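Quick note: the sequence shown uses our numbering, first residue 24, plus one each step.
What follows is one structure encoded as structure tokens, with my remarks underneath.
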Amino acid sequence: MANVETLNEMAQLERSRFGRPPPRHGLKLLHWFAKDCVTFDGNNNMVSQCDPEDEEYGFHYFENRYDRNGIKLLPDVNFPYYVVGNLNSEGSHELPGYVSGEYTGLKDDSNTDRIIVSLDDDWFDKVYITTHTDESNYDSDNTYRITKGLLKIISRLTLAEFLYKTGYQPSATMGTNPVAVDSNVVPANHPIPPRTQDYQIEIEDTPSAQMNCVIFCRASQKVTMPSVQTLNDITHLERSRFGRPPPRHGLKLLYWFATECVTFDKDNNMVSQCEPDNGDYGFHPFQNRYDRSGKKLLPEVNFPYYVLGNLNSEGAQDLPFYIFQEYTGQYGSNKDRIIVSLDNDLFSEVYVAEHSNQSSYSPLGTYRISKGLLMSIRRLTLEDFLRQTGYWHYQLPFLGSL
């Protein structure tokens with residue numbers, strides 16, 4: 024019967040050579056699983072945060088059959104097994120971009136690794152990693168059980184730290200063809216410090232450390248963490264260039280939000296006057312997922328995020344007409360967003376962001392809006408607000424009637 028070796032710590036995982044070398048994706052898949060697909064309750068049970076039964080993220084049923092030698096890959100248990108990691112499976116597109124970043128689509132090692140779980144209702148009973156020896160068979164000699172302790176260790180590490188500790192060396196293409204995060208660079212003389220200075224962690228300047236700049240970046244670049252710059256006054260907002268030039272709609276959207284969607288109670292809490300969780304005004308849930316460079320746009324919080332501003336969303340027609348005034352139906356007039364974290368009826372944080380393309384957000388164009396700035400906006404007319412933020416197209420016919 025199956026006798027699977029257990030990995031309890033990072034050193035054992037590194038020695039197993041699972042998910043290495045590139046273009047194998049197993050280590051990135053395991054990091055995603057430990058960070059986003061499992062949590063632990065008060066009794067140390069592994070609680071599923073994804074839904075293998077509904078085939079989320081490409082999960083599908085795994086039949087623990089006998090191989091040609093009469094041996095099953097895994098022990099017989101009373102719970103069904105599910106497997107994830109096939110980048111061709113339906114639903115696998117929901118995995119973060121960094122998991123599939125080196126997938127070639129060819130018959131090579133870029134799609135050989137898998138995670139297999141046994142599922143007891145909403146709990147994972149056991150977690151295994153394995154790899155294919157060919158297109159239909161698994162390698163029993165390279166199948167391992169991952170302990171709860173190891174999953175907890177992995178969940179506390181950034182992707183860069185995890186890949187470094189497990190010996191994942193970047194491939195040649197990762198050193199010469201980095202994935203561009205955004206081309207929207209802040210000028211050197213910009214009064215607001217360049218965004219890359221706000222959330223960088225220096226990599227030690229040694230050859231071995233530089234070789235492990237592994238999140239699709241040049242070996243001499245820096246690993247970044249999500250830390251968003253705060254705009255505290257109108258001047259900061261003007262210098263950020265958010266929502267400009269026309270036909271962008273972000274400044275008008277922000278004005279509406281500050282004057283119509285939020286008020287302040289006596290304790291200075293931001294009280295919601297709209298209902299993001301009901302989809303009012305085009306609000307919908309925002310999934311703060313890892314991008315293909317291994318970063319999240321916003322900090323992890325205990326409250327759900329909601330995003331507003333897509334003029335094609337259901338409910339967006341309830342926004343005031345002046346927000347739509349310059350909408351052309353093209354991408355450039357529909358790229359700005361407001362993202363909020365919602366704690367019951369209170370906004371915990373408010374952010375402005377912009378798309379760098381039709382599917383990705385620009386970290387360089389993402390800012391936290393302080394309560395003080397929201398209060399300042401509330402005291403202005405729309406004309407004054409657009410004038411003070413440098414929206415030089417503010418003298419529009421409709422403004423005279425506001």
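Glycine is no exception: its CB is placed at the ideal position from the N, C-alpha and C atoms.
If you're wondering where the values come from, they're calculated on a predicted model, not measured in any experiment.
With respect to the 8 Å criterion, leucine 331 and phenylalanine 306 are classified as neighbours on the basis of their beta carbons. In summary, alanine 25 is exposed, with fewer than 16 beta-carbon neighbours lying within 10 Å of its beta-carbon over all protein chains present. Of the candidates Asp74, Arg88, Tyr89, the residue whose Cα lies closest to the Cα of phenylalanine 82 is Asp74.
Tyrosine 345 and methionine 33 have their C-alpha atoms roughly 56 Å apart. Here the alpha carbon of tyrosine 329 sits roughly 10 Å from the alpha carbon of asparagine 311. Inter-residue distance for asparagine 67 and serine 382 is about 37 Å (C-alpha atoms, whole angstroms).
Under the three-state reduction of DSSP, threonine 258 is assigned to helix.
Comparing C-alpha distances from tyrosine 374 to each of Gly388, Glu184, Asp366, Leu334 shows the shortest one belongs to Gly388. Its chain contains Thr154, Thr156 as the residues whose beta carbon lies nearer than 6 Å to that of aspartate 162, once the 5 sequence neighbours on both sides are disregarded; these appear in chain order. In the three-state reduction of the DSSP assignment, glutamate 78 falls in the coil class, being assigned neither a helical nor a strand state. In the structure shown, proline 103 falls within a coil segment according to DSSP collapsed to helix, strand and coil.
The three-state secondary structure of proline 386, taken from DSSP, is helix. Secondary structure note for serine 141: it is in no alpha helix (DSSP H), and the uninterrupted beta strand (DSSP E) holding it is 136–143. Taking all protein chains shown into account, threonine 412 has 16 or more neighbouring C-beta atoms within 10 Å of its C-beta and is therefore buried. DSSP lists Val106 as the beta-bridge partner residues of histidine 83. Closest in C-alpha terms to lysine 175, from the list His54, Trp146, Leu50, His48, comes His54. The C-beta of isoleucine 361 has 16 or more other C-beta atoms within 10 Å across all chains shown, which makes the residue buried. In this structure, the straight-line span from the alpha carbon of isoleucine 94 to that of arginine 88 is close to 8 Å.
Leucine 182 and cysteine 60 have their alpha carbons spaced roughly 15 Å apart.
In the structure shown, the three-state DSSP call for isoleucine 346 is helix.
In this model, leucine 321 and glutamate 78 are separated by some 27 Å (Cα to Cα).
Close CB contacts of phenylalanine 41 within its chain, under the 6 Å cut and outside five residues either way in sequence, are with Gly49, Ile152 (chain order). No Cβ-Cβ contact shorter than 8 Å links tyrosine 121 with proline 103.
For the 8 Å CB-CB criterion, valine 150 and leucine 97 do not form a contact. Of the residues Glu261, Met398, Ala376, the one whose Cα lies closest to the Cα of aspartate 288 is Met398. The beta carbons of serine 356 and arginine 264 sit about 16 Å from each other, so the pair does not count as a contact at 8 Å.
Just so you know, the alpha carbons of tyrosine 414 and leucine 52 end up roughly 44 Å apart. Nearest neighbour of glutamate 158 by Cα position, chosen from Glu76, Asn134, Leu180, Arg402, turns out to be Asn134. As DSSP reads the structure, alanine 376 sits in a beta bridge with Arg360.
A direct Cα-Cα distance of roughly 16 Å separates serine 250 from asparagine 325. Shown here, isoleucine 392 sits in a strand according to DSSP, grouped into three states. Where isoleucine 176 is concerned, the enclosing alpha helix (DSSP H) starts and stops at 171–178.
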